[in-house]
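Visitor:
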Amino acid sequence: MKNVVQQEFETVIGLEVHLQLHTKTKIFCGCVNEFGQEPNSRTCPVCLGLPGTLPVLNKSALDHAIKVAFALNCQINPFIKFDRKNYYYPDLPKGFQISQYNLPIARNGFLMIPTSNGHKKIHIKRAHLEEDAGKLIHDTTNNCSLVDYNRTGTPLIEIVTEPDLSSPQEAYDYLTILKLTLQYLNVSDCDMEKGSLRCDANISIREKGEQKLGTKAELKNMNSFRAVKLALEHEANRQQTLLQGGEKIIQETRLWSEEKQMTIPMRSKEEAHDYRYFPEPDLVPFIIKEATLTEIRQSLPELPNEKFQRFLSQYKISEYDARIIIQDPNLANFFEECTKLYKETKKICNWIIGPLQQELNAHKITFRQIQLTAKNFISLIQRVEQGVLSNLAGKDVLQWMINTGKSSEEIIAQKGLAQVSDEGALDKIVSEVIEENINVAVQIKQGKESAMGFLIGQAMKKSQGKANPKLVGEIIKRRLKNE
1077 MKNVVQQEFE
1087 TVIGLEVHLQ
1097 LHTKTKIFCG
1107 CVNEFGQEPN
1117 SRTCPVCLGL
1127 PGTLPVLNKS
1137 ALDHAIKVAF
1147 ALNCQINPFI
1157 KFDRKNYYYP
1167 DLPKGFQISQ
1177 YNLPIARNGF
1187 LMIPTSNGHK
1197 KIHIKRAHLE
1207 EDAGKLIHDT
1217 TNNCSLVDYN
1227 RTGTPLIEIV
1237 TEPDLSSPQE
1247 AYDYLTILKL
1257 TLQYLNVSDC
1267 DMEKGSLRCD
1277 ANISIREKGE
1287 QKLGTKAELK
1297 NMNSFRAVKL
1307 ALEHEANRQQ
1317 TLLQGGEKII
1327 QETRLWSEEK
1337 QMTIPMRSKE
1347 EAHDYRYFPE
1357 PDLVPFIIKE
1367 ATLTEIRQSL
1377 PELPNEKFQR
1387 FLSQYKISEY
1397 DARIIIQDPN
1407 LANFFEECTK
1417 LYKETKKICN
1427 WIIGPLQQEL
1437 NAHKITFRQI
1447 QLTAKNFISL
1457 IQRVEQGVLS
1467 NLAGKDVLQW
1477 MINTGKSSEE
1487 IIAQKGLAQV
1497 SDEGALDKIV
1507 SEVIEENINV
1517 AVQIKQGKES
1527 AMGFLIGQAM
1537 KKSQGKANPK
1547 LVGEIIKRRL
1557 KNE
């Protein structure tokens, strides 16, 4: 008889990512496609499904989807059609969703992710276009639910993986690389807080060596990649505990509770045939011309891995520096603009990854949201290298540059931050510091080099941070040597 407690299990995960495409208008009507407007102010008879209306496909949405398909190494179907996915829910005014079923825009792609055993190929089963549903707002105070149809008809592309992911960490890494790839394509802002990028996960476990998939649970309501990882970890443990206890796993949809840090049941899972798919009668099938595919393929930007490899070879920077800089396509472009003005690439990296990144993190903003030009940034670095500014003052100037958009020269002049490098003025300060700290001066003369920092610090304090610390150190050494 098998000892259940000694069973070893492996996790099997597949992900479904819904990406809102950034287009001027919705996928089948002329309503403006923008987030955060007054509820139900961006609707029309077409996206509300009123009688007598007909959908018209948005070409930009199709082009964006083709870009995504190419970037994910997919086979693009030249002949596609749309289908009606029928189900009833308050946020779906038509009672069906226009989607793609058996003839999606793309199939059989892949994305490579790093693992401890090298890179792993995660297969993309399909990617298809569809329209988004509305949004329900649950008012617990008044015990009611409201619906905002502004999101209805927003163009989506759904990217579905094969069950190739073997751990929550692999799922996290896949989502991170996928998001970065999509950001480089500039087809979406990928903002999970706005719902531009949403992820559902299918997870099951099985005994090691077993080929047949276990009973899966679908996880929803995860609003960050960290939440996806935590939800998968919890669900894997829950399922393993059930099997070890001799219980069965029920196929169902479960919600991730951030508050309780656990998954909770939502509903039993419907199979695809329960949606009653049938061809969308108001949209004829589409043939994508080879010339269109060629044009879009040639317009693809340099993708993250390509940029990473080029940065290593072209700029001779470390893998660590390159990996951090390419995480934001706007920051990567900024880095390249900086290298045209200043050849010290390591110093540029240090300032970007250090002070600049600290400012962005402190204010929880992206590089795109700040006012900083490559010319002003390089000017600041050069002022510090030339000794006009101390490192500490340089960081302060960077903060003001970000907040105001002004140049380092303007800020240095306005704030009176220029470093004092006049030897006569510094010699006087050093004399006062030595006189006030005779014991420390004696220690330095006796060989205690670490005490030098204290005297330099005192000189900086007397000069209100304006003294050139390097020059101060040289003057102290010279003075003590001659005494």
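Residue numbers (the working numbering): 1077 to 1559.
For every residue, glycine included, the Cβ atom is placed at its ideal position computed from N, Cα and C.
It should be emphasised that the depicted structure is a prediction, and the values quoted were computed from it without experimental measurement.
Going by alpha carbons, who is nearest to residue 1268 out of 1195, 1223 and 1297?
Guide: Sequence index remark: in the sequence shown, residue 1268 carries index 192 (1-based). Closest option to residue 1268, Cα to Cα, is 1297.
Visitor: Is it right to say residue 1251 is buried, meaning 16 or more other beta carbons lie within 10 angstroms of its own, or is it exposed?
Guide: Numbered from 1 along the sequence shown, position 175 holds the residue referred to as residue 1251. With 16 or more Cβ atoms within 10 Å of its Cβ, residue 1251 is classed as buried.
Visitor: Taking the alpha helix (DSSP H) that residue 1574 falls in, what are its first and last residues?
Guide: Because the chain here runs from 1077 to 1559, residue 1574 falls outside it and cannot be looked at.
Visitor: Three-state secondary structure (DSSP) at residue 1186?
Guide: On the sequence shown, position 110 is the one that residue 1186 refers to. Three-state DSSP puts residue 1186 in a strand.
Visitor: I'd like the span of the beta strand (DSSP E) that includes residue 1596, first residue to last.
Guide: This structure cannot speak to residue 1596, because the chain is shown only from 1077 to 1559.
Visitor: Is residue 1249 helix, strand or coil when you go by DSSP?
Guide: Here residue 1249 is taken as the residue at index 173 of the sequence shown, counted from 1. In this structure, residue 1249 counts as helix in the three-state DSSP scheme.
Visitor: Evaluate contact between the region 1213 to 1222 and the region 1147 to 1159, counting only Cβ atoms and requiring at least three cross-stretch pairs below 8 Å.
Guide: No, because fewer than three Cβ pairs between the region 1213 to 1222 and the region 1147 to 1159 fall closer than 8 Å, the two stretches do not touch.
Visitor: Measuring alpha carbon to alpha carbon, tell me which of 1226, 1185 and 1228 ends up nearest residue 1235.
Guide: Here residue 1235 corresponds to residue number 159 of the sequence shown, with the count starting at 1. Closest option to residue 1235, Cα to Cα, is 1185.
Visitor: So residue 1129 is in the alpha helix (DSSP H); what residue range does that whole segment cover?
Guide: Numbered from its first residue, the sequence shown carries residue 1129 at position 53. Unbroken run through residue 1129: none, as it is neither H nor E.
Visitor: Secondary structure at residue 1229, three-state DSSP: helix, strand or coil?
Guide: Walking along the sequence shown from the start, residue 1229 turns up at place 153. Note: residue 1229 maps to coil in three-state DSSP.
Visitor: Taking the alpha helix (DSSP H) that residue 1452 belongs to, which residues open and close that run?
Guide: Here residue 1452 refers to the residue found at position 376 of the sequence shown. Residues 1450 to 1461.
Visitor: Considering only the alpha carbon of each residue, which of 1138, 1308 and 1258 lies closest to residue 1088?
Guide: If you number the sequence shown from 1, residue 1088 lands on position 12. Answer by Cα proximity: 1308.
Visitor: Report back the beta-carbon spacing between residue 1264 and residue 1258 to the nearest angstrom; my notes put them in contact at under 8 Å.
Guide: Taking the first residue of the sequence shown as 1, we reach residue 1264 at position 188. Taking the first residue of the sequence shown as 1, we reach residue 1258 at position 182. Correct: roughly 6 Å between the Cβ atoms.
Visitor: Taking all protein chains shown into account, do 16 or more other C-beta atoms lie within 10 angstroms of the C-beta of residue 1096, making it buried, or fewer, making it exposed?
Guide: Along the sequence shown, read from residue 1 onward, the residue named residue 1096 stands at position 20. With 16 or more other Cβ atoms within 10 Å, it is buried.
Visitor: According to DSSP, simplified to helix, strand and coil, what is residue 1545?
Guide: Taking the sequence shown and counting its residues from 1, the one referred to as residue 1545 is at position 469. The answer is helix: DSSP assigns residue 1545 an H, G or I state.
Visitor: Excluding the five sequence neighbours on either side, which residues of its own chain have a C-beta within less than 6 Å of the C-beta of residue 1244, listed in chain order?
Guide: The residue labelled residue 1244 in the question sits at position 168 within the sequence shown. So the qualifying residues of the chain are 1305, 1308 and 1309.
Visitor: Should residue 1105 be flagged as near chain C, meaning a C-beta pair shorter than 9 Å?
Guide: Given the protein chain composition of this structure (a single chain), no chain C is represented.
Visitor: Give the DSSP-derived three-state secondary structure of residue 1438 in the structure shown.
Guide: By 1-based counting over the sequence shown, the position of residue 1438 is 362. Three-state DSSP puts residue 1438 in a helix.
Visitor: For residue 1348 and residue 1291, I'd like the C-alpha separation in whole angstroms.
Guide: Taking the first residue of the sequence shown as position 1, residue 1348 is located at position 272. Taking the first residue of the sequence shown as position 1, residue 1291 is located at position 215. In this predicted model, residue 1348 has a pLDDT of only 47, less than 50, meaning its place in the structure is not dependable; the value taken from the coordinates is given anyway. About 16 Å.
Visitor: Does DSSP put residue 1432 in a helix, in a strand, or in coil?
Guide: Sequence index remark: in the sequence shown, residue 1432 carries index 356 (1-based). Helix, per DSSP.
Visitor: Looking at the strands, I want to know which residues DSSP matches up with residue 1222.
Guide: On the sequence shown, position 146 is the one that residue 1222 refers to. In the DSSP output, where bridge partners are listed per residue, residue 1222 has 1213.
Visitor: Would residue 1174 and residue 1131 qualify as a contact pair, given that the criterion is a beta-carbon distance under 9 Å?
Guide: In the sequence shown, residue 1174 corresponds to position 98, counting from 1. In the sequence shown, residue 1131 corresponds to position 55, counting from 1. Contact flag set, yes.
Visitor: Report buried or exposed for residue 1225, applying the criterion of at least 16 other Cβ atoms within 10 angstroms of its Cβ.
Guide: Locating residue 1225 in the sequence shown gives position 149, where the first residue counts as 1. Label assigned to residue 1225: buried.
Visitor: Three or more C-beta pairs closer than 8 Å, one from the region 1534 to 1553 and one from the region 1505 to 1514: is that the case here?
Guide: A contact exists between the region 1534 to 1553 and the region 1505 to 1514.
Visitor: Over what stretch of residues does the beta strand (DSSP E) that includes residue 1280 continue unbroken?
Guide: The residue given as residue 1280 occupies position 204 in the sequence shown. Here the beta strand (DSSP E) through residue 1280 covers 1273 to 1283.
Visitor: From 1391, 1119 and 1110, pick the residue whose C-alpha is nearest to that of residue 1168; which is it?
Guide: Here the question's residue 1168 lines up with position 92 in the sequence shown. The residue with the shortest Cα to Cα distance from residue 1168 is 1119.
Visitor: Answer yes if the region 1394 to 1412 comes into contact with the region 1440 to 1451, meaning at least three C-beta pairs across the two stretches below 8 Å, and no otherwise.
Guide: Result yes; three or more Cβ-Cβ pairs closer than 8 Å.
Visitor: With residue 1096 as the anchor, note down where its beta strand (DSSP E) starts and where it stops.
Guide: Within the sequence shown, numbered from 1, the residue matching residue 1096 stands at position 20. Where residue 1096 is concerned, the enclosing beta strand (DSSP E) stretches over 1085 to 1096.
Visitor: Rounding to the nearest angstrom, what Cα-Cα distance links residue 1335 and residue 1423 in this structure?
Guide: On the sequence shown, position 259 is the one that residue 1335 refers to. On the sequence shown, position 347 is the one that residue 1423 refers to. Those two C-alpha atoms are separated by around 43 Å.
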